[in-house]
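Let me begin by presenting the structure, written as structure tokens, before commenting on it.
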Amino acid sequence: MPKKSLEVLLDVSVNRANAVPLHRQVYLGIRRLVLAGQLRPGSRLPSTRQLASDLRLSRTTVLDAFEQLIFEGYLQGKVGSGTRVSSHIPHDVQTLASAAEQNRIPNVRRKPRIARRTAPYPFQQTAATPIRPLRPGLPDIASLPLNLWSRLTAKHWRRAADQLYDHADSLGYLPLRKAICDYISRSRAVRSDPNQVIITTGAQQALYLCAKTLLDPGESVWMEDPGYPRARAAFKSAQLSVVPLPVDSEGLNSAVDPKKRPTPQMIYVTPSFQCPLGYTMTLERRFDLLRVAARNNAWILEDDYFSEFRYGTSPVTSLQNLDRNERVIYIGNFSKNVVPFLRIGFLVAPRPIVHTLKMARTAVSRQPPGIDQAALAEFIADGHLERHVRLTLQIYRERHEALVDAIHEYGNGVLTTSSSGVGMYLVAWLPVGVDDR
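Following this note's numbering, the numbering of the sequence shown begins with 167 at its first residue and continues without gaps.
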């Protein structure tokens, strides 16, 4: 014969020495009894006065517990006119709990349920590690314009207005898009207007956005081999088929065994500074690639990687500038030439797909903070970015030359450099058969 509600409630444990408030202990005790099925749906509870007397508590303490249980839906009724266990509690709540317990495999850690389409992430989450010497792509910390950046952000915080917030324009802060257009037109000959620019939280978001929006799962993306690992991760996570293409000193070679690889729907390249080998794609290869894209109605993602940092020559014209068929999507970011923690990137899309990409980006994320966008817009428009690039270019050129000289002097016969005079790191080769570990 089941115990009456009052008898069951006497099982509520109250410890006055416990740091948990008494009303919270009563609440937790009754909630546990309801979820365990010991207090059945619809069963009437004793009055708060009686329960308080039996538990040797003040009525206020019990009232507070009942009010919280009513608020959360475990109990029904008005305090003072009868309170019952909610009829919305499943009658088989105890059965469900017992079944879950019976099906539990002791000491076995189950894998969480993850959708198959999100499974292919090659990177494993690791603990944070300190910055190491010779880490590729890390900007010179001492030369970062941190004081200037602090002043700009403080200025725009003081002047914060509605147009700075991320809901103002779904493409991004208009003055920033204008500044980016002017800058990449001067430095990279990119042909664009502000309505083609979409502000992102970095180049990685731009890659993933294009992969998920423009291609269907299973379609093919051509990619440099070796290539940028995080681009491969973005494509794999979008369930695309990544097709590796060889790279030589002229860049990606799309002419090698063309019949042995699937037709591309997208081609990812780093033509200004091939990641990781540092080669610059020749003009002939660029035109070859544009012809392949036009012939197959494929998109080209031009990741403009380290384009500003060239030693002895001017930055080469972008691949996008040569495109006459609206096939190239130009991707850039400011983590290498402003401050590395600034999570602002951008893409320049052909006009027919701007709206599609804009709506897709809006559906999955918001923009970078409006204050950062406003500060960056002023940083670029007032010429600070170009001055900073000139300053750091001199620093990196001197370090580049010193490293090449040191390798020639001390690493002769062990290391062979393949310096392209571009970028923030230097590629060196070991003799054939030598283990790099």
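Yeah, the Cβ is synthetic: ideal placement off N, Cα and C, and Gly gets one too. Values in this document were obtained by computation on a predicted structure and should not be read as measured data.
- With respect to the 8 Å criterion, Phe500 and Tyr562 are not classified as neighbours on the basis of their beta carbons.
- Around the beta carbon of Trp315, 16 or more other beta carbons sit within 10 angstroms, so the residue counts as buried.
- Shown here for Trp388: same chain residues with a beta carbon closer than 6 Å to its own, the five before and five after excluded, namely Val409, Leu411, Pro430 and Ile433 in chain order.
- Thr249 carries a strand assignment under DSSP once its states are collapsed to helix, strand and coil.
- With respect to Lys502, Ile364 sits apart: the two C-beta atoms are not nearer than 8 Å.
- When beta bridges are read from the DSSP output, Pro305 appears opposite no residue.
- With fewer than 16 other beta carbons inside 10 angstroms of its own, Leu449 counts as exposed.
- Looking at the DSSP output, Thr367 sits in no beta bridge, so it has no partner there.
- For Ala355, same chain residues with a beta-carbon under 7 Å away, outside a window of 5 residues either side, are Thr483, Ser484 and Asn487 in chain order.
- Collapsing the DSSP output to three states places Gly393 in coil.
- The DSSP-derived three-state label of Arg210 is strand.
- Secondary structure in the region 451-525: the alpha helix (DSSP H) runs of 4 residues or longer, each lying completely within the stretch, are 485-488 in chain order.
- Beta-bridge pairing by DSSP links Asp177 to no other residue.
- Between Thr583 and Ile573, the CB-CB gap stays under 8 Å.
- When Cβ pairs closer than 8 Å are counted between the two stretches, the region 356-376 is seen to touch the region 511-527, the count reaching three or more.
- Secondary structure of Ile433 (DSSP, three-state): strand.
- At least 8 Å separates the beta-carbon of Glu390 from that of Val422.
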